[in-house]
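Here the structure is laid out as structure tokens; the discussion comes afterwards.
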Amino acid sequence: MDKKQKIDLSVMSRHELEEEFVKVNDKAVALQTEVEWLREQLKLSKSKMYGSSSEKSLIPDGEQLSLFNEAELHQNPLAEEPDTKEIVKQKRMGSKKGSKQKKTRSLPVDQVEYRLQDEEQVCPRCGESLHVMKKEVHDEIVVIPAQYRIHRTVRYVYACRNCEQTGTEGTILRAGAPAPFFRNSLASASLLADIIHRKYVLALPLYRQEQELQRYGLDLSRQTISNWIVQSADQYLYRLYEALKRHLLKGDILHADETEVQVLREPGREAASKSYMWVYASNRFSEPCFVYEYAPGRGAVYPQRFLRNYGGYLQTDGYGAYETVASDPERKEQNAIRLVGCLAHARRKFTDALKASSVKDPPNITRGIRYCDALFKIEKDCADLPPEEIKEYRNTHAVPVLDEYFAWLREIQQNALPKSKLAIAINYSLNQETNLRRYLEDGRLEISNNRAERAVKPFVIGRNNWLFSNTPNGANASAVIYSIAETAKANHLKPFEYFKYILTMLSQFPETDIETLLPWSDQIPAECRLTEEEQDT
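Residue 1478 in the numbering used here is what sits at position 464 of the sequence shown, and the numbering runs on without skipping anything.
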């Protein structure tokens, strides 16, 4: 090891001493900055690994969710059972109306009555006939497991013997029968609807479905099931997907976000390469519509391709690819894109800084969070107003808060430790100031991009279960089906019933007007819709 270099200060001039002091001091400041940054990274890493993922206040001890003790966590020995027992007599005053059937009001009822036989309806004391005094009713929820049956279609074919004997051509007539869902396949619309519902709504991987089907006596491999999913998306559902996409791009307000997905067998790419699922969502004042699109990368070329004919507002998280799309010089004026920022992301930068801070309640960080909370409170207060009044309310209440917020950010920017989480939070908001203020321009715009982030979550939950897609075809099929499933849910449809209906219509009546199958169409059957009571639960 080299010996430390010794400096003889006695032979140095005052000027040389001052220079040496400046060097040492600069080095000390740099080292202290690096130490503080490393401390932040260590604390943030521990927070991500062991802490709460929520940006709200920490959940009190004892209320953290555990998959292993969920039953014990939520059980309450003193809680009353749902009261479905009823004695048919005069109602007592003060009882809560409708509480007895509220939890089961949408379920069909099979009623079984128990009476005394005629010869038993005799008083054991005096021998006179008995009469019905009251009825005691007790309800129980029973489960009828899924049933898989073979629906066998037998179509008779007829021929004319006279034409066979005397004519040059034979006559053959076939009885009318529904077309098979897939030629030479056991698949049906209801079976595919069930598989799709389990995988894309309930996030049940195909290998688990394969195991469950085997328990019911069905030997269907996950490869077969996967082929059916891709084929149903390509052959039937893609038309509906394209209709959703056309409808979405007709609007003038969109939300966008993206998340990673791994595709194992993509030509020309390694299995570990990152691919992405992009999602685009409509605004809250139009029919709920979500469109997912698979892409092998995260570059600007992919949203540029999707949005090439779109013009209007685009709300995002500040990712630079969207800025590239909006600033594309080849865009025509009628297709101009105006970016809208996300204050939830601005707030998230401060919550990250709070998690990384070694100081309890650091004033600058908590003040930044309070500014954001105040702006979200203003949004909550005007959420139920029409767009015109929302805009007016924001101009009155939100503009002063935003002005104060950005003035404060500029004031503390120079004193923030470079590369610290606080500096990142400050710079994010200041760099996004124009976009973060843009929601003030139109009452239909939102303060955050949470609408797109919520649409990403079902895909992320599913991805955490099935981990990856095998091929690009599978990823594209997932984009098609997630688009339809999430749009159906947002329009208060029952996903299984809806998929069963559209798959039946598209396979049996291919000339069906696709507009009549969109989730908000008034021609969707009632059995596909949630009742108002079911929407409230």
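All residues carry an ideal CB built from backbone N, CA and C; glycine is no exception.
ask   = For the candidate residues A1421, D1342, Y1324 and A1189, whose alpha-carbon lies nearest to that of N1349?
value = Here residue 1349 corresponds to residue number 335 of the sequence shown, with the count starting at 1. Nearest of A1421, D1342, Y1324 and A1189 to N1349, Cα basis: Y1324.
**Asked** How many Å lie between A1540 and K1508 at the Cα?
**Response** The residue you call residue 1540 lines up with position 526 of the sequence shown. The residue you call residue 1508 lines up with position 494 of the sequence shown. Answer to the nearest angstrom: the Cα atoms are 10 Å apart.
What are the start and end residues of the beta strand (DSSP E) that includes W1534? By 1-based counting over the sequence shown, the position of residue 1534 is 520. Counting along the chain, W1534 falls outside any beta strand (DSSP E), and DSSP gives it neither H nor E.
Give me the Cα-Cα distance between M1519 and I1392, rounded to the nearest whole angstrom. Numbered from its first residue, the sequence shown carries residue 1519 at position 505. Numbered from its first residue, the sequence shown carries residue 1392 at position 378. Whole-angstrom Cα-Cα distance: 46 Å.
Per DSSP, cross-strand counterpart(s) of T1365:
Along the sequence shown, read from residue 1 onward, the residue named residue 1365 stands at position 351. Bridge partners of T1365: none, in fact.
Residues bridged to A1173 [DSSP beta-bridge criterion]
Here the question's residue 1173 lines up with position 159 in the sequence shown. Beta-bridge pairing links A1173 to I1186.
Would T1485 and R1279 be called neighbours here (beta carbons separated by less than 8 Å)? As a working mapping, residue 1485 is identified with position 471 in the sequence shown. As a working mapping, residue 1279 is identified with position 265 in the sequence shown. Closer than 8 Å, so yes.
Option in E1226, P1138, F1196 and A1189 with minimal Cα separation from A1160
Locating residue 1160 in the sequence shown gives position 146, where the first residue counts as 1. With distances taken between Cα atoms, A1160 lies closest to E1226.
Note to self: Quick check on the DSSP output: the beta strand (DSSP E) that includes S1289 runs from which residue to which?
What the structure shows: Walking along the sequence shown from the start, residue 1289 turns up at place 275. Residues K1288 to S1296.
Using the Cα positions of V1415 and G1382, report the straight-line distance between them to the nearest angstrom. In the sequence shown, the residue the question calls residue 1415 occupies position 401. In the sequence shown, the residue the question calls residue 1382 occupies position 368. Near 11 Å, if we compare the C-alpha coordinates of G1382 and V1415.
Report the residue ranges of all alpha helix (DSSP H) runs contained in full by the region 1203 to 1288; include only those spanning at least 4 residues, in chain order.
1203 to 1210, 1220 to 1229, 1236 to 1246 and 1252 to 1264
Sequence-distant residues of the same chain with beta carbon closer than 8 Å to R1468, five excluded per side: For this step, residue 1468 is matched to residue 454 along the sequence shown. Answer for R1468: no residue qualifies.
Best match in R1197, Q1245, L1031 and Q1427 for proximity to I1210 [C-alpha to C-alpha]: The residue you call residue 1210 lines up with position 196 of the sequence shown. The shortest C-alpha separation from I1210 is found at Q1245.
Identified DSSP bridge partners for I1351: By one-based count along the sequence shown, residue 1351 stands at place 337. Its beta-bridge partners are G1326.
Note to self: Short of 6 Å in beta carbon distance, which residues of its chain neighbour K1405, apart from the five on each side in sequence? Order them along the chain.
What the structure shows: The residue labelled residue 1405 in the question sits at position 391 within the sequence shown. Excluding sequence neighbours, K1405 sits near G1457.
Check your understanding: Secondary structure at E1133, three-state DSSP: helix, strand or coil?
Key -> Position 119 of the sequence shown holds residue 1133. E1133 falls in the helix class under three-state DSSP.
**Asked** How do the region 1316 to 1330 and the region 1256 to 1274 stand: do at least 3 beta-carbon pairs fall below 8 Å, yes or no?
**Response** yes
Under the rule that 16 or more other beta-carbon atoms within 10 Å means buried, what is T1545, buried or exposed?
Position 531 of the sequence shown, counting from 1, holds the residue named residue 1545. Exposed, by the Cβ-count rule.
Original post:
Do C1303 and L1258 have their CB atoms nearer than 8 Å?
Top reply: Here residue 1303 corresponds to residue number 289 of the sequence shown, with the count starting at 1. Here residue 1258 corresponds to residue number 244 of the sequence shown, with the count starting at 1. Yes; because the gap between Cβ atoms is below 8 Å, this pair is in contact.
- Message: My output table needs one value for R1119: the three-state DSSP class, helix, strand or coil.
- Response: Here the question's residue 1119 lines up with position 105 in the sequence shown. Coil at R1119, not helix or strand.
- Item | As assigned by DSSP and simplified to three states, the class of E1337 | By 1-based counting over the sequence shown, the position of residue 1337 is 323. If DSSP states are grouped into helix, strand and coil, E1337 belongs with the helices.
Subject >> Pick from G1184, P1343 and N1198 that is closest to N1176, judged by C-alpha positions >> reply: To locate residue 1176, count along the sequence shown from 1; it is residue 162. Answer by Cα proximity: G1184.
message = According to DSSP, simplified to helix, strand and coil, what is E1307?
response = Numbered from its first residue, the sequence shown carries residue 1307 at position 293. Looking at E1307 - three-state DSSP - the assignment turns out to be strand.
ask   = If we ignore side chains and look at the alpha-carbon of each, how far apart do A1335 and E1272 end up?
value = Here residue 1335 corresponds to residue number 321 of the sequence shown, with the count starting at 1. Here residue 1272 corresponds to residue number 258 of the sequence shown, with the count starting at 1. Going from the Cα of A1335 to the Cα of E1272 covers about 11 Å.
**OP:** Just the C-alpha distance for A1295 and A1189, rounded to the nearest angstrom, thanks.
**Re:** On the sequence shown, residue 1295 is found 281 positions in, with the first residue counted as 1. On the sequence shown, residue 1189 is found 175 positions in, with the first residue counted as 1. Rounded to the nearest angstrom, the two C-alpha atoms are 46 Å apart.
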